[in-house]
Amino acid sequence: MRTVLLFALLVALPFTGHAQVVYEMTVAQDGSGDFESIQAAIDATKAFPDKRITIHVKNGIYHEPVKVYEWNPMVSLIGESAEGTVITWGSHFKQINKGRNSTFHTPTVQVNGDDFHGENLTIRNTAGPIGQAIALAINADRVSFYNSRFLGHQDTVYVTGEGKKQYFKDCYIEGTTDFIFGRATAVFEGCQLHSLADSYITAASTPQDVDHGLVFFDATLTANTDVESVYLGRPWRAYAQIVFINTQMGEHIRPEGWHNWSNPEAERQSFYAEHNSLGPGAASTERVSWSHQLTEADAERYSLKTILGSERRPEWYLR
Numbered sequence: 001m002r003t004v005l006l007f008a009l010l011v012a013l014p015f016t017g018h019a020q021v022v023y024e025m026t027v028a029q030d031g032s033g034d035f036e037s038i039q040a041a042i043d044a045t046k047a048f049p050d051k052r053i054t055i056h057v058k059n060g061i062y063h064e065p066v067k068v069y070e071w072n073p074m075v076s077l078i079g080e081s082a083e084g085t086v087i088t089w090g091s092h093f094k095q096i097n098k099g100r101n102s103t104f105h106t107p108t109v110q111v112n113g114d115d116f117h118g119e120n121l122t123i124r125n126t127a128g129p130i131g132q133a134i135a136l137a138i139n140a141d142r143v144s145f146y147n148s149r150f151l152g153h154q155d156t157v158y159v160t161g162e163g164k165k166q167y168f169k170d171c172y173i174e175g176t177t178d179f180i181f182g183r184a185t186a187v188f189e190g191c192q193l194h195s196l197a198d199s200y201i202t203a204a205s206t207p208q209d210v211d212h213g214l215v216f217f218d219a220t221l222t223a224n225t226d227v228e229s230v231y232l233g234r235p236w237r238a239y240a241q242i243v244f245i246n247t248q249m250g251e252h253i254r255p256e257g258w259h260n261w262s263n264p265e266a267e268r269q270s271f272y273a274e275h276n277s278l279g280p281g282a283a284s285t286e287r288v289s290w291s292h293q294l295t296e297a298d299a300e301r302y303s304l305k306t307i308l309g310s311e312r313r314p315e316w317y318l319r
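Residue 76 in the numbering used here sits at position 76 of the sequence shown; the count goes up by one each step and never skips.
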């Protein structure tokens, strides 16, 4: 009899060896959600889930660095509104004090999990104009951000990973120097790039054997009223690739457009191109001789599918 009762008790106890997977959760600072911090929600997600996990984030200013780990793929972070859902932190190069690579320890948000999607978010590095300070760093494949804002000064958005592909749709990105940089293949569609100082917008480090670097479709380039001398980009590494297609360029863009970062060899190895640039900054006849103006046929070879497509999941960027 005692054995039967013991067996019945064991059956009645909850089995915790395989906790139930939660695929949808909410973060709210007022305690009305499942978690009060974004990182706590990410830490609670199942490693390598079988389907997407969505984290809804209610409006609020979240003072925390956030990291999406490699073992947390297929995570969606959806804010209540781009202006109201703010993730903010203030790490910068000098503060980190880890030597020459300190920049890469500064992100407010670090995404290492493949198939991440972010939407309706503001990601801000509050360090100010005191050196390298990343707002968003991505080292993952098939990552997308929609309707989001990335605020910083130097090195605002870092997109990296050899052969990894990332997509930004209807986003706002601001900074001073090299505020979009890295070696990933990244497409920015319908985004506003806002310069806070006379400097450089992009600094690509595209690997030599990768087909595409940073590609901008239908972008708008704006600047503060006191800004009047901005380059489209310079090569962080020799084989940098940057293309602007159908971009509205303000008068702050320098007529020569591109800079060789004091490396004449990069003029031969890099690929800087435009097609149908518009506005007062679109001085196509005054660009440096080593840049390119794409023909209609050239431009047609640039599309979301040709740049981001894959045999396994060619439409990943459309969710």
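Using N, Cα and C, we set each Cβ at its ideal position, and we do this for glycine too.
Three-state secondary structure (DSSP) of R234: Locating residue 234 in the sequence shown gives position 234, where the first residue counts as 1. Coil.
With 16 other Cβ atoms within 10 Å as the buried cut-off, status of P280: Numbered from 1 along the sequence shown, position 280 holds the residue referred to as residue 280. Answer is exposed; the Cβ neighbour count stays below 16.
Proximity of G213 and F271 at Cβ, strictly below 9 angstroms: In the sequence shown, residue 213 corresponds to position 213, counting from 1. In the sequence shown, residue 271 corresponds to position 271, counting from 1. For G213 and F271, yes; Cβs fall inside 9 angstroms.
Same chain, Cβ closer than 6 angstroms to V243, neighbours up to 5 away in sequence not counted: For the purposes of this step, residue 243 is taken as the residue at position 243 of the sequence shown. Only V215 and A273 meet the Cβ criterion.
Alpha-carbon to alpha-carbon, E267 and D209: Position 209 of the sequence shown, counted from the first residue, corresponds to residue 209. Position 267 of the sequence shown, counted from the first residue, corresponds to residue 267. When rounded, the distance between both Cα atoms is 17 angstroms.
Rounded distance between the beta-carbons of I55 and A41, thought under 8 angstroms: One-based indexing of the sequence shown puts residue 41 at position 41. One-based indexing of the sequence shown puts residue 55 at position 55. With 8 angstroms as the limit, A41 and I55 qualify as a contact, their Cβ atoms being about 5 angstroms apart.
A223: first and last residue of the uninterrupted alpha helix (DSSP H) it sits in: The sequence position of residue 223 within the sequence shown is 223, counting from 1. Looking at the DSSP string, A223 is not in any alpha helix (DSSP H); the run it does join, the beta strand (DSSP E), is T220 to A223.
T54, DSSP secondary structure in three states: Start at 1 with the first residue of the sequence shown, and residue 54 comes out as number 54. Residue state, collapsed to three classes: strand.
For K98, three-class secondary structure by DSSP: For the purposes of this step, residue 98 is taken as residue 98 along the sequence shown, with counting starting at 1. Looking at K98 - three-state DSSP - the assignment turns out to be coil, as it is neither helix nor strand.
Per-residue DSSP class, three states only, for T285: What you label residue 285 is simply residue 285 of the sequence shown in a count that begins at 1. Here T285 sits in helix by DSSP.
Residue environment, G113, which counts as buried when at least 16 other CB atoms sit within 10 Å: Indexing the sequence shown from 1 puts residue 113 at position 113. It is buried - the Cβ of G113 has at least 16 other Cβ atoms within 10 Å.
Under 9 angstroms between C-beta atoms of W261 and W290: Here residue 261 corresponds to residue number 261 of the sequence shown, with the count starting at 1. Here residue 290 corresponds to residue number 290 of the sequence shown, with the count starting at 1. No; because the gap between Cβ atoms is not below 9 angstroms, this pair is not in contact.
Residue burial classification, R301 (beta-carbon count within 10 angstroms, cutoff 16): Start at 1 with the first residue of the sequence shown, and residue 301 comes out as number 301. Its Cβ having fewer than 16 others within 10 Å, R301 is exposed.
Alpha carbon of M74 to alpha carbon of Q166, nearest angstrom: For this step, residue 74 is matched to residue 74 along the sequence shown. For this step, residue 166 is matched to residue 166 along the sequence shown. About 14 angstroms.
Length of the line joining the Cα atoms of K94 and A127: Here residue 94 is taken as the residue at index 94 of the sequence shown, counted from 1. Here residue 127 is taken as the residue at index 127 of the sequence shown, counted from 1. Going from the Cα of K94 to the Cα of A127 covers about 10 angstroms.
Coil, strand or helix - F48 by DSSP: Indexing the sequence shown from 1 puts residue 48 at position 48. Reduced to three states, the DSSP call for F48 is coil.
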